[in-house]
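Novice: Here it is, the structure, as structure tokens.
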Amino acid sequence: MNVQEASERFHSDIASTSLELDLLKEHRFVEEMSEILVEAGEVDDCLTCSYQGRGLKVDGYHFDEDFGTLYLVVAHWIDETDSSKTSVTNSIVNKVFSRCTNFYSRSLKGLHERIEISNEAHDIAHEIYERKNEINDVRMILITDGITTKRSAEYDEVDGVRIKRIIWDIERILRFTEKQEKEAIIVDFNEINGGEIPCISYSDADGRYTTYLSYLSGQCLADLYSQWGTKLLDMNVRVFLSARGKVNKGIRDTIVNEPHMFCAYNNGITVFAREIEDRPLNGDMKGISRAIDFQIVNGGQTVASLYHTNKKHKADLSKISVQMKLIVINNEEDIGNLVPRISEYSNTQNKVSMVDLSANDPPHPELHEISKRLRSPDPTGGSKETYWFYEKSRGSYEETKNLKARTQVQKKSFEALYPKRQRFDKSTFGKAWNTYLRKPNVVCLGAQKNFADFNAWLREQDEKWDRFFMRTVALVKLWKEAEKIVARQKFEGYRHAIVTYTLAWMFEITDSRIDMDKIWREQNVDDDILDSIEGMCHVVNEHIRDTEKNVSEWCKNEKCWKSLKEKHYQLPESIEESFISPESQAHGYDPRTKEETEAVEFCRAQEATAWFELSKWLKIRDFLTGKARSQCYNMGRILNKGGEPSFVLSKACKKIWEDSEIRGWDSNEEKAL
3 MNVQEASERF HSDIASTSLE LDLLKEHRFV EEMSEILVEA GEVDDCLTCS
53 YQGRGLKVDG YHFDEDFGTL YLVVAHWIDE TDSSKTSVTN SIVNKVFSRC
103 TNFYSRSLKG LHERIEISNE AHDIAHEIYE RKNEINDVRM ILITDGITTK
153 RSAEYDEVDG VRIKRIIWDI ERILRFTEKQ EKEAIIVDFN EINGGEIPCI
203 SYSDADGRYT TYLSYLSGQC LADLYSQWGT KLLDMNVRVF LSARGKVNKG
253 IRDTIVNEPH MFCAYNNGIT VFAREIEDRP LNGDMKGISR AIDFQIVNGG
303 QTVASLYHTN KKHKADLSKI SVQMKLIVIN NEEDIGNLVP RISEYSNTQN
353 KVSMVDLSAN DPPHPELHEI SKRLRSPDPT GGSKETYWFY EKSRGSYEET
403 KNLKARTQVQ KKSFEALYPK RQRFDKSTFG KAWNTYLRKP NVVCLGAQKN
453 FADFNAWLRE QDEKWDRFFM RTVALVKLWK EAEKIVARQK FEGYRHAIVT
503 YTLAWMFEIT DSRIDMDKIW REQNVDDDIL DSIEGMCHVV NEHIRDTEKN
553 VSEWCKNEKC WKSLKEKHYQ LPESIEESFI SPESQAHGYD PRTKEETEAV
603 EFCRAQEATA WFELSKWLKI RDFLTGKARS QCYNMGRILN KGGEPSFVLS
653 KACKKIWEDS EIRGWDSNEE KAL
């Protein structure tokens, strides 16, 4: 797919979702880009907020407490796919960055006092003002659906704080979303370390990996972070890094007071690289000059403390050496499996247990496959069944479509079976479930931390994954409907926080008795539930804003959730028609009826060839209808491919089989023939 086609699809997705959520396209673009920037490792989290004033603009924000780094996102939306009209000149780039810089500099001087307190930008400006002495550096990220001529990062400075300007234009966006590959960090040790680093190496007997042991200077690590930021750190390390624990205080004290003892006291860092450039030195020693795809999988606290202490306390890092274990995975296929394990097992500095965030770990692949074979019921009661597609990794929907559909007719057919509105990613997956588990404050921590928390819970579950997937679809459906309702209320920001708190509160009041079976079966949410969401979200909106604190930070606090639970809200009695019985809740429930479950199991128990033979038998004897013959043939085709027959088809085929047996059909005799 060329850039033009990919750009058109990207814009089409933005247009459809903005229409669905009643948002401006630019605001939906910012929301989509906030997720992309997090996935790309550009920033750990991103609070979206679109604010414009005279000479001012900001669209997203994050403050990394560990490194004292402020991230500001600013958008330039063109809404154009014609390549002749998408050029973003250097003067436009400079103007957009200038507006964002003005927002930052004026926030340092109290801009929040002139912004309406209900506006999310008030929180951003106020936090910048409150944290101005903690900010070590600023990274401004310009996002645009146009094509820029200026690509390389540039630097500015405000009040002695360096500002790094980063550009994500449509070509860079599509490069990441299409290939799902992060931009590799290439470390040139001759340049950043003043020469190659000497090391000794070890290779395992199977040749799967090679380990290099060496040392880096403290200044080298601080400079690496200054250049690359948190992109240096593996996702697991970024999510759980905390510079507030005792371990970090000890590291900082050593840097300042006993730098010569740092190597003795510190565990060092563990690094993964996809490839290195080295040469033999004396004896068994080697010299590494370059490392490609350099990523720290253990020692994030060490890097944080070196950089932070150097910036804040002007500490001299020249006497500090840090031991480094650098691992190169020799087999490309092993990288996805081994790197998360190295990160998890080697991370002893963090008190928080590490959680693998990879969507390639069980049960995500299983759920992804289920989503491609398990049809959802036709809400009209007919036979037009569709699929809910779980995008366990960004772009897997389009990848599947491109594999299955070559022509425009085939693509339309694919989209009819797999509607775009019925796809969901791991971020929505985690938000919907943690909301159901009544953890709205965790959902508000951001996509990465919320998914980590949810994934830790998910890995402990022992489920029938088909059933779990149906329940997931019901929760995602409920989440999407709540998003639409909250968007229509035109609240001043905090949409996701209001959605998760409203739904979690409803689950709390109803004791999670909302019938997910019914939502799955009808592919619809009852009006009583929707009306209740609309009423409750107004109470939630007032609740989260009733604080002297930053609203976003307040929503992350468990006290916010506890105080909401103490409030009374009377749901209509009619909503109980949407509940499951206490008995079903106590013993668990399957979204399928007993009759449907038995029908599916019956059909799967027969061989695919038996269904093909029955279809022929019906035709020869002119028994039943052509539709019945087609249904039997389709059942055989589905089973032959290892697929899961739908409930509707299974019920019909089971009845056809039984009626045929009355007329003399015997599968064993047909086999003998």
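Using the numbering used here, read the sequence shown as starting at 3 and increasing by one per residue.
The beta-carbon is built from N, C-alpha and C at its ideal position, and this holds for glycine as well.
Small disclaimer: the values here were computed from a predicted structure and weren't measured.
(1) List in chain order: all unbroken alpha helix (DSSP H) runs of 4+ residues lying wholly within the segment 358-411.
(2) Return yes when the Cβ of L218 is within less than 8 Å of the Cβ of V299, no when it is not.
(3) Could you check what DSSP says for Y217 in three-state terms: helix, strand or coil?
(4) Run through the segment 3-71 for me and flag every whole beta strand (DSSP E) of 3 or more residues, listed as ranges in chain order.
(5) So is I622 buried or exposed if we call it buried at 16+ other beta carbons inside 10 Å?
(6) Closest by CA to K653, which one among A630, G148, T151?
(7) Quick check: the Cα distance between E129 and N552, rounded to an integer number of angstroms?
(8) Start and end of the beta strand (DSSP E) containing D139?
(9) Contact between the segment 600-615 and the segment 658-669 is defined here as three or more beta-carbon pairs at a separation below 8 Å; is this criterion met?
(10) Would you tell me roughly how many angstroms separate the C-alpha atoms of Q6 and I194, rounded to the nearest one?
(11) To which residues does DSSP link D455 through a beta bridge?
(12) When the Cα atoms are used, what is the spatial distance from F456 to C605?
(13) Just mark G209 as buried or exposed, buried being the case when its beta carbon has 16 or more other beta carbons within 10 Å.
(14) Over what stretch of residues does the beta strand (DSSP E) that includes N300 continue unbroken?
(15) What residue does the beta strand (DSSP E) around E156 start on, and which one ends it?
(16) Confirm the yes/no value for this check: CB of S514, any heavy atom of the ligand SAH, distance under 7 Å.
(17) Can you pull the DSSP bridge partners for A77?
(18) Identify whether M287 lies in helix, strand or coil by the three-state DSSP scheme.
(19) According to the Cβ coordinates, are Q491 and C539 closer than 8 Å?
(20) Are the beta-carbon atoms belonging to I329 and F274 less than 8 Å from one another?
(21) Kindly list the residues whose CB is nearer than 6 Å to the CB of V90, restricted to its own chain and excluding five residues on each side of it in sequence; keep chain order.
(22) Since I194 is in the alpha helix (DSSP H), which residue starts that stretch and which ends it?
(23) Would you mind stating whether C235 and V140 have Cβ atoms separated by less than 8 Å?
(24) Does the structure place the segment 432-452 close enough to the segment 401-413 that three or more beta carbon pairs sit under 8 Å?
(25) Rounded to whole angstroms, what's the CA-CA distance from D295 to I199? Just pull it up for me.
(26) How is the alpha helix (DSSP H) around Y420 delimited, first residue to last?
(27) By DSSP, does L235 sit in helix, in strand, or in coil?
(28) Ends of the beta strand (DSSP E) at Q572?
(29) Give me the residue from D66, A458, D61 with the minimum Cα distance to D46.
(30) Give a yes or no on contact between the segment 52-72 and the segment 108-123, applying the rule of three or more CB pairs nearer than 8 Å.
(31) Under three-state DSSP, which class holds D280?
(32) Can you tell me whether I202 is helix, strand or coil according to DSSP?
(33) Under DSSP, the alpha helix (DSSP H) around S109 begins and ends at which residues?
(34) Do the segment 269-284 and the segment 172-182 touch if we need at least three Cβ pairs shorter than 8 Å?
(35) Can you tell which of I640, K97, E41, W390 has the C-alpha that lies nearest to the C-alpha of K479?
(36) Looking only at its own chain, which residues have a Cβ that is under 8 Å from the Cβ of G270, when we skip the five neighbours before and after it?
Specialist: Put simply:
(1) 366-375, 398-406
(2) Counted from its first residue, the sequence shown places residue 299 at position 297. Counted from its first residue, the sequence shown places residue 218 at position 216. No; because the gap between Cβ atoms is not below 8 Å, this pair is not in contact.
(3) Taking the sequence shown and counting its residues from 1, one reaches residue 217 at position 215. Here Y217 sits in strand by DSSP.
(4) 49-55, 58-66
(5) To locate residue 622, count along the sequence shown from 1; it is residue 620. When all chains shown are included, I622 counts as exposed.
(6) Residue 653 sits at position 651 when you count from the first residue of the sequence shown. Comparing Cα positions, the closest option is A630.
(7) Taking the first residue of the sequence shown as position 1, residue 129 is located at position 127. Taking the first residue of the sequence shown as position 1, residue 552 is located at position 550. C-alpha separation (whole angstroms): 7 Å.
(8) For this step, residue 139 is matched to residue 137 along the sequence shown. That run of the beta strand (DSSP E) goes 139-146.
(9) yes
(10) The sequence position of residue 6 within the sequence shown is 4, counting from 1. The sequence position of residue 194 within the sequence shown is 192, counting from 1. Approximately 38 Å between the Cα atoms of the pair.
(11) One-based indexing of the sequence shown puts residue 455 at position 453. Note: D455 sits in no beta bridge, so no partner.
(12) Here residue 456 refers to the residue found at position 454 when the sequence shown is read from its first residue. Here residue 605 refers to the residue found at position 603 when the sequence shown is read from its first residue. C-alpha separation (whole angstroms): 35 Å.
(13) Position 207 of the sequence shown holds residue 209. G209 should be labelled exposed.
(14) By 1-based counting over the sequence shown, the position of residue 300 is 298. N300 -> beta strand (DSSP E) spans 297-300.
(15) Taking the first residue of the sequence shown as position 1, residue 156 is located at position 154. E156 -> beta strand (DSSP E) spans 156-160.
(16) In the structure on display, the ligand SAH does not appear, and there are no ligands present to speak of.
(17) Start at 1 with the first residue of the sequence shown, and residue 77 comes out as number 75. According to DSSP, A77 bridges with I145.
(18) One-based indexing of the sequence shown puts residue 287 at position 285. In this structure, M287 counts as coil in the three-state DSSP scheme.
(19) Here residue 491 refers to the residue found at position 489 of the sequence shown. Here residue 539 refers to the residue found at position 537 of the sequence shown. For Q491 and C539, yes; Cβs fall inside 8 Å.
(20) Along the sequence shown, read from residue 1 onward, the residue named residue 329 stands at position 327. Along the sequence shown, read from residue 1 onward, the residue named residue 274 stands at position 272. Yes, the pair counts as a contact, with Cβ atoms nearer than the cut-off.
(21) As a first step, residue 90 must be located in the sequence shown, where it is residue number 88. T146, G148, T150.
(22) As a working note, residue 194 is residue 192 in the sequence shown. Its alpha helix (DSSP H) spans residues 191-194.
(23) Stepping through the sequence shown from its first residue, residue 235 is reached at position 233. Stepping through the sequence shown from its first residue, residue 140 is reached at position 138. One detail in the question is off: residue 235 reads as Leu in this sequence, not Cys. Contact flag unset, no.
(24) no
(25) Here residue 295 refers to the residue found at position 293 of the sequence shown. Here residue 199 refers to the residue found at position 197 of the sequence shown. Approximately 17 Å between the Cα atoms of the pair.
(26) For the purposes of this step, residue 420 is identified with residue 418 of the sequence shown, where counting begins at 1. Y420 -> no alpha helix (DSSP H), and no H or E assigned at all.
(27) Here residue 235 refers to the residue found at position 233 of the sequence shown. Reduced to three states, the DSSP call for L235 is strand.
(28) Here the question's residue 572 lines up with position 570 in the sequence shown. No beta strand (DSSP E) holds Q572; DSSP gives it neither H nor E.
(29) Mapped onto the sequence shown, residue 46 falls at position 44. Closest option to D46, Cα to Cα, is D66.
(30) yes
(31) Within the sequence shown, residue 280 is the residue found at index 278, counting from 1. D280 falls in the strand class under three-state DSSP.
(32) Here residue 202 refers to the residue found at position 200 of the sequence shown. Three-state DSSP puts I202 in a strand.
(33) The count along the sequence shown starts at 1 and reaches residue 109 at position 107. Taken as a continuous stretch (DSSP letters only), the alpha helix (DSSP H) holding S109 covers 92-109.
(34) no
(35) The count along the sequence shown starts at 1 and reaches residue 479 at position 477. Nearest of I640, K97, E41, W390 to K479, Cα basis: W390.
(36) Residue mapping note: residue 270 aligns to position 268 of the sequence shown, counting from 1. Same-chain partners within the cutoff: G301, T304, V324, Q325, M326, K327.
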